[in-house]
Every structure is written in C-alpha cells, then in structure tokens.
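Here's the structure, in structure tokens; my notes come after.
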Amino acid sequence: MKLKEIYSDKKSKTVISFEVFPPADENKKLLDEINILKQYNPEFTSLTYGAGGKGGKSFELLQQIKALDINVMPHFTCITSSKESITSALIKIEQSGIENILALRGDIPDTEIHKHFDFNYANELVSFIREKTNLSIGVAGYPEGHIESPDLYSDIQNLKKKVSAGADVIFTQLFFDNNKFFNYIDILRNEGINIPVVAGIMPIISEKQIQKMTSMAKITVPAVIKENIEKYKNDSKSLREFGIDYATKQCIELIKHSVAGLHFFTLNKAYSTSKILDNIKGEKWKI
Ligand code: FAD
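Under the working numbering, think of the first position of the sequence shown as 1, with each following residue one higher.
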C-alpha cells in the first residue's frame, strides 16, 4: 500500500511503522527482531541507507524483509550518487514491487571524493523520483530545525520545496519534547504545508546513543532525561525501562493530539518498541 493511502484521513487509527538499519553482522538476527515486531501489525518497516551509497546489502535486506510479508520502505540518499546510478536503483526498487521511498539528501561526506554532485538537496531527488516513478514519497522533517539551517523558519521554507516537488508524507527527526513537535505542526500548517507529519520516536537505550544523536542533530534533551541518564549510568536495564516509560508517555500524548503516525527508530531491537506498543495498546485509536 502506498504512503498516501496509509496516511489517508479516512483512517481512524494512528499508523504504526518501524525503522531498522542494515546490520554490521548477519541479517538473520535483525530479521528475527522484525518478526517479533510483526505481531504489532506495522503498516510498513523502513530500512535506512548509507550516505556513502552502500546500497548492495540494503537491496538484499529489503527483499528479505519483504519476504516476511512486510510492506517495506527504503530510505534513499542522493548526495553522493549520479543520476544514472539513481535511475537504475529506482528501476530495481519499483520492479521488485516496492511502492514507497523516503527521499533524502544524506549527510555531506567529509571526503573530497564526491565533488561533483548531480543532486544538491532532497527536493531535487523528490522531483526526479516523481518524474521517473510511481513511488509514493516520504521526506525528512526537523521539528527543531536541521543542523545546517540557521533557524527553524528557513528550514521550513526548504521543506516546502520538497512538498511542492511531490512529497506525500513528512517523517520527523526524533524528538523528546512533544511541544517541539506540536509547535512544528502549527508552523507547517500556517505555512500551507498540509501533508501528514509522522512523529519519529526513539526509545532511550543508553547514554552513548543519546550523545551520538544529539551531536548529529538539533534535539533538546529535557532535564528529566539527563537526570535519569545520570541516575542509571551503571544500570543499563533501569535506564532502558525509564526509556520505555518516557516514550510511552510521549506516544500517549501524541495519539491524543491525533498524530498521523508513530515511526519507531527501533535500533534493530524489538524489546523497547514492543513494550511501548503493549503499553499504548488501548490508546491506538484517534479521539
Ligand atoms: P534536505 O531536505 O536537502 O535539507 C538539508 C539542508 O539543506 C537543510 O538544512 C535544509 O534547510 C537545506 N536545504 C534544503 N533544500 C534546500 C534548497 N533547495 N536550497 C537551499 N537549502 C536547502 N541519512 C542517511 O544517510 N540515511 C538514512 O537512511 C537516513 N534516514 C533518515 C530518516 C529520517 C526520518 C530523518 C529525519 C533523517 C534521516 N537521515 C538519513 C538523515 C539525513 O540524511 C540528514 O539529516 C541530512 O543532513 C539531510 O537530509 P534531508 O533529506 O533532510 O536534506
């Protein structure tokens, strides 16, 4: 099913979806975790893509996830790729029966190797995909602004370009403060961006994970999270349980505000995401 249909206004349920990444080791462990998550009936599972163009392994894994009878959405970055390579990858994706794609620019690599880009920004990739395929297109959104953007407003002006180019749905960067998300939606709607906005949820698992995420992106970490990271610095199980509890509360509030969807950054582990989904079982319906 296409993103457009999945997030159609006629659906009364908050859409649940998962994100996984190609593992460094064998795929089997990840496929086992995806199988555990399958019981929660996700509308789809998305697979991240290396900005350096590590597409080979991704395509094999996409097929393996699809073979589990799961609707799969590849992420796709363009900053280090040529039009030719993107065209052949898109043909391969469409021919395999995949209907959706998350169109991204990707992070600019440090190396000097990729000097000649065919694509500078994600809006150019969105136009290209729209022109060449029938895929339904998701794009990234940043409730606190993209890290390269001077401010949230100018980032939203650039988001508009992706929407005008044909994006169907916006998937947000993870956030820990729901008010940032609600504020973002208000601004988007005021700016005339009316497509569904899906909330990115990442359960807290470790201090290292939070440090990594916040070094790469503008993400406010509320004091209560900092306090609990400190409190449980030698007790990873308790920190993980705190993370489940925190994300559960976040999700319940988002559902109450009729969020279009919750997209879980699972970090390739079923445990925390499945506990959160158990906790919000009774809350899944929009009110
Ligand atoms: P863009 O939309 O192109 O924006 C990049 C920056 O340029 C922003 O600051 C924007 O304001 C500005 N900008 C945009 N368009 C223009 C324009 N036309 N003119 C001038 N300025 C402009 N990365 C991966 O490598 N692989 C993944 O699988 C992956 N998955 C992700 C999933 C989600 C849900 C999110 C939120 C991010 C993901 N990323 C992934 C990270 C993403 O690649 C980076 O954040 C990257 O730096 C920006 O990608 P983008 O598509 O948002 O870029």
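Backbone N, C-alpha and C fix where the C-beta goes; we use that ideal spot for every residue, glycine too.
Boundaries of the alpha helix (DSSP H) in which residue i is found, first to last residue
i      : result
Ala122 : 122-132
Met213 : 207-216
Phe242 : 236-256
Gln157 : 152-164
Phe181 : 178-190
Distance cut-off 6 Å: residue i Cβ against heavy atoms of the ligand FAD
i      : result
His146 : yes
Ser149 : yes
Asn123 : yes
Gly106 : yes
Lys233 : no
Thr48  : yes
His257 : no
Ile161 : Residue identity differs from the one stated: residue 161 is Lys in this sequence, not Ile. Checking the Cβ of Lys161 against the ligand FAD gives yes.
Asp288 : Outside the shown range of the chain (1 to 287) lies residue 288, about which nothing can therefore be said.
Thr77  : yes
Ala223 : no
Gln209 : no
7 Å CB neighbourhood of residue i in its chain, flanking five on each side removed
i      : result
Glu207 : Ile229, Lys233
Pro222 : Phe176, Asp177
Lys2   : Glu99, Asn100, Ser136
Nearest-angstrom beta carbon gap, residue j and residue i [assumed within contact, 8 Å]
i      : j      : result
Ile101 : Ile129 : 6 Å
Ala270 : Leu68  : Not confirmed; about 13 Å, so no contact.
Ala289 : Val139 : One cannot answer for residue 289 here, as it falls past the ends of the chain, which runs 1 to 287.
Pro330 : Gln95  : In the structure as shown, the chain begins at 1 and stops at 287. Residue 330 is therefore absent and cannot be evaluated.
Lys78  : Ile91  : The displayed chain sequence assigns Cys, not Lys, to residue 78. Not quite, the Cβ-Cβ distance comes to about 16 Å (not below 8 Å), so this is no contact.
For residue i, the first and last residue of its enclosing beta strand (DSSP E)
i      : result
Ile201 : 197-201
Gly106 : Here Gly106 belongs to no beta strand (DSSP E), and DSSP marks it neither H nor E.
Phe171 : 169-174
Leu47  : 44-47
Same chain, Cβ closer than 6 Å to residue i, neighbours up to 5 away in sequence not counted
i      : result
Glu5   : none
Ala165 : Asn123, Val126, Ser127
Ser8   : none
Beta-carbon proximity list for residue i, same chain, < 8 Å, skipping 5 on both sides
i      : result
Ile187 : Leu152, Tyr153, Ile156
Ile193 : Ile156, Leu159, Lys160, Val163, Ile170
Asn190 : none
Ile16  : Tyr40, Asn41, Pro42, Glu43, Gly261, Leu262, Phe264, Leu277, Lys284
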